[in-house]
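A.B. asks: The structure's right below; bear with me while I get my questions together.
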Amino acid sequence: MSEPQQPSQATTLPAGAVQLLDAEGTLHQDARFTPYLADLDHATLQRMYRLMATERRLDAEGTSLQRQGQLALWVPAIGQEGAQAGALAALREEDWIFPTYREHLFALGRGVSPGQLFELFRGVSHAGWTAEDHRVQPYTLVLAAQTLHATGYAWGIQRDQAGWDADRVRREGQVALACYGDGASSEGDVHESMVFAASYDLPVVFFCQNNQWAISVPATTQTRVPLAQRAAGYGFEGITVDGNDPLAMYAVTAWAAEQARTGSGPVLVEAHTFRVGAHTTADDPTKYRTREVETDWAGLDPLVRLETYLRATGAAGQDPDAFFASVAAEGEELAAASREAVLSMTAQTGVSLDEVFDTVYAEPHPLVAEEKAWHHEWQAGFADVPDAGPAGSADQAGSADQGGRA
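Number 11 in our numbering belongs to position 11 of the sequence shown; there are no gaps in the numbering.
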């Protein structure tokens, strides 16, 4: 009998990291967090898997659309589905999510359609959905800015709930989930957010998806200790979780949300996971990481791990093959519908660049006016270039023939 393969240094969990469902799909007990799994019925587990699988299929379609010139950019999230599915399932519908640009499962799980999701990457709108309709803020492309937004919103939640008794807070209280990555953890905005959140015990959960790479910079360069340990410097708790274990992610996020919701202050949850694909479609990960590392992480696929658990426990239903086949078919339908939606998008569904300048601030701003005037001068000059065509026109941004490359 051969010896079991040992995990590589890259895939080894940090000491003290929470893992409930191991790589073979076997559930282990944890006195602190296992009790939170009591609320995970078969329907919820099936929904978690369905979101993970269909988001992955949508993710592949997004990459294909970008390669064909139909999207300006795409940001893959393959490998991080387990972290997002577990965290999403642990939140209440009234809780708010402040994403980066890679939280596709959060958006889909909150009812954002694939077409709405692709509008930003097609370049036809600021964001394809209204935040209030889904309690998911539009994607933030400025690194870590959303942690400030989440903290500010959590402060508003706290003020709105002032005067509530403990029982009402527990039943009706909201939390804000601030998403960011290991790369963004080095931004000053994260530090400022955590200082403020700790100072006022705000109901915010900082959700760091440590996917090991800040574009081409490894997480070991960003920090010498697990990122969750940084929370201690601000005076609140941080926990590292196996981000490829959807059950552990559910349990720890449920606990963290309970702490924040009931006035115990913020919590930092670090999901130790892996970005399987490129940072974006403008990136080539073969330039900075090895095939061996990718192969090691492939053995920890969260989708495979959850499927194994669902089959072993009967949570996939009486006919598990039929369940998984239906999920695969739904993914194909979703991908086809997404492609159709993207190809039908035109500039008329979006906004002109003039409107972008006009909506930076609520009131006119002299610096923005100066930049807008420069843009008009640039447009006029570009229009005189032979064969330039309409590519320099703001009105063509996101049109079908331009592929949204404005």
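For each residue, glycine too, the CB sits at the ideal point set by N, CA and C.
Keep in mind the model is a prediction, meaning the values are calculated, not measured.
Is Phe-236 helix, strand or coil when you go by DSSP?
C.D. replies: Reduced to three states, the DSSP call for Phe-236 is coil.
A.B. asks: Determine whether the beta carbon atoms of Asp-30 and Leu-45 lie at a separation below 8 Å.
C.D. replies: No.
A.B. asks: Whose C-alpha, out of Thr-240, Ala-257, Ser-185, Ile-97, is nearest the C-alpha of Ala-214?
C.D. replies: Comparing Cα-Cα distances from Ala-214 to each of Thr-240, Ala-257, Ser-185, Ile-97, the minimum goes to Ser-185.
A.B. asks: Quick one: using the 10 Å Cβ neighbour count with 16 as the cut-off for buried, is Ser-326 buried or exposed?
C.D. replies: Exposed, because fewer than 16 other Cβ atoms sit within 10 Å of the Cβ of Ser-326.
A.B. asks: Count the other C-beta atoms from every protein chain shown that fall within 10 angstroms of the C-beta of Ala-248, then say buried if there are 16 or more, exposed otherwise.
C.D. replies: Buried.
A.B. asks: Under 8 Å by Cβ, that's how I've got Val-217 and Gly-181 pegged, so tell me the actual separation to the nearest angstrom.
C.D. replies: Going by Cβ atoms, the distance from Val-217 to Gly-181 rounds to 11 Å, so no, they are not a contact pair.
A.B. asks: Can the beta-carbon of Val-190 be found less than 8 Å from the beta-carbon of Thr-147?
C.D. replies: Taking 8 Å as the Cβ cut-off, Val-190 and Thr-147 qualify as a contacting pair.
A.B. asks: How should Ala-380 be labelled, buried or exposed, when 16 other C-beta atoms within 10 angstroms of its C-beta is the threshold for buried?
C.D. replies: The residue in question, Ala-380, is exposed, as its Cβ has fewer than 16 Cβ neighbours within 10 Å.
A.B. asks: Going by DSSP, which residues form a beta bridge with Tyr-180?
C.D. replies: Per DSSP, Cys-208.
A.B. asks: Where do the N-terminal and C-terminal ends of the beta strand (DSSP E) with Glu-270 fall, by residue?
C.D. replies: 267-272 is the span of the beta strand (DSSP E), which, as asked, contains Glu-270.
A.B. asks: Quick check on Phe-324: does DSSP put it in helix, strand or coil?
C.D. replies: Looking at Phe-324 - three-state DSSP - the assignment turns out to be helix.
A.B. asks: Can you tell which of Ile-239, Gly-243, Ala-77, Glu-333 has the C-alpha that lies nearest to the C-alpha of Ala-256?
C.D. replies: Answer by Cα proximity: Ile-239.
A.B. asks: When we look at the beta-carbon of Met-48 and count the other beta-carbons within 10 Å, is it buried (16 or more) or exposed?
C.D. replies: That one is buried.
A.B. asks: Taking Cβ positions, are Thr-140 and Tyr-101 nearer each other than 8 Å?
C.D. replies: Yes, the Cβ-Cβ distance between Thr-140 and Tyr-101 is below 8 Å.
A.B. asks: Going by Cα to Cα distance, which pick from Tyr-234, Pro-35, Arg-110, Val-124 is closest to Val-356?
C.D. replies: Residue Val-124 is the option with its Cα nearest to Val-356.
A.B. asks: For the candidate residues Val-205, Thr-221, Thr-290, whose alpha-carbon lies nearest to that of Asp-95?
C.D. replies: Out of Val-205, Thr-221, Thr-290, Val-205 has the C-alpha closest to the C-alpha of Asp-95.
A.B. asks: Roughly how many angstroms separate the alpha carbons of Ala-362 and His-126, rounded to a whole number?
C.D. replies: Roughly 16 Å between the two C-alpha positions.
A.B. asks: Only counting the same chain, and skipping five residues up and downstream in sequence, which positions put a Cβ closer than 8 Å to that of Ala-254?
C.D. replies: Here the set comprises Tyr-36, Asp-39, Ala-90.
A.B. asks: Leu-51 to Ile-97, Cα distance in whole Å?
C.D. replies: When rounded, the distance between both Cα atoms is 17 Å.
A.B. asks: Within 10 angstroms of the Cβ of Arg-170, are there 16 or more other Cβ atoms? Answer buried if so, exposed if not.
C.D. replies: With fewer than 16 Cβ atoms within 10 Å of its Cβ, Arg-170 is classed as exposed.
A.B. asks: Going by alpha carbons, who is nearest to Gly-16 out of Ala-369, Leu-227, Arg-92?
C.D. replies: The shortest C-alpha separation from Gly-16 is found at Leu-227.
A.B. asks: In whole angstroms, what separates the C-alpha of Gln-174 from that of Glu-258?
C.D. replies: In a straight line, the C-alpha of Gln-174 is about 10 Å away from that of Glu-258.
A.B. asks: Near Ala-150, what residues of its chain come up, given a Cβ to Cβ distance below 6 Å and the 5 sequence neighbours on each side ignored?
C.D. replies: For Ala-150, where only same-chain residues beyond five positions count, the Cβ hits under 6 Å are Phe-98, Ala-176, Ala-178, Val-204.
A.B. asks: Below 8 Å, can you find three or more Cβ-Cβ pairs linking the region 269-284 to the region 294-301?
C.D. replies: Yes, they touch.
A.B. asks: Of the choices Gln-84, Gln-66, Val-75, whose alpha-carbon is the least far from that of Ala-251?
C.D. replies: Answer by Cα proximity: Gln-84.
A.B. asks: State yes or no: is the C-beta of Pro-320 within less than 8 Å of the C-beta of Arg-311?
C.D. replies: A contact, by the Cβ cut-off of 8 Å.
A.B. asks: On the criterion of 16 or more Cβ atoms from any shown chain inside 10 Å, does Ala-77 qualify as buried, or is it exposed?
C.D. replies: Under this definition Ala-77 is a buried residue.
A.B. asks: What residue ranges within the region 90-159 form continuous beta strand (DSSP E) runs of no fewer than 3 residues, ordered along the chain?
C.D. replies: Taking only runs of at least 3 residues, the beta strand (DSSP E) segments lying wholly in the region 90-159 are 96-98.
A.B. asks: Please classify Trp-374 as buried or exposed, where buried requires at least 16 neighbouring CB atoms within 10 angstroms.
C.D. replies: When all chains shown are included, Trp-374 counts as exposed.
A.B. asks: For Arg-230, count neighbouring Cβ atoms within 10 angstroms of its own Cβ and tell me buried if that reaches 16, exposed if not.
C.D. replies: That one is buried.
A.B. asks: Using the DSSP secondary-structure output, state which residues sit across from Ala-278 in a beta bridge.
C.D. replies: For Ala-278, which the question treats as bridged, DSSP gives no partner whatsoever.
A.B. asks: For Ala-341, which residues of its own chain have a beta-carbon under 6 Å away from its beta-carbon, when the five flanking residues on both sides are left out?
C.D. replies: Same-chain partners within the cutoff: Gly-115.
A.B. asks: According to DSSP, simplified to helix, strand and coil, what is Pro-364?
C.D. replies: The answer is coil: DSSP assigns Pro-364 none of H, G, I, E or B.
A.B. asks: Around the Cβ of Thr-12, are there at least 16 other Cβ atoms within 10 angstroms (buried) or fewer (exposed)?
C.D. replies: With fewer than 16 Cβ atoms within 10 Å of its Cβ, Thr-12 is classed as exposed.
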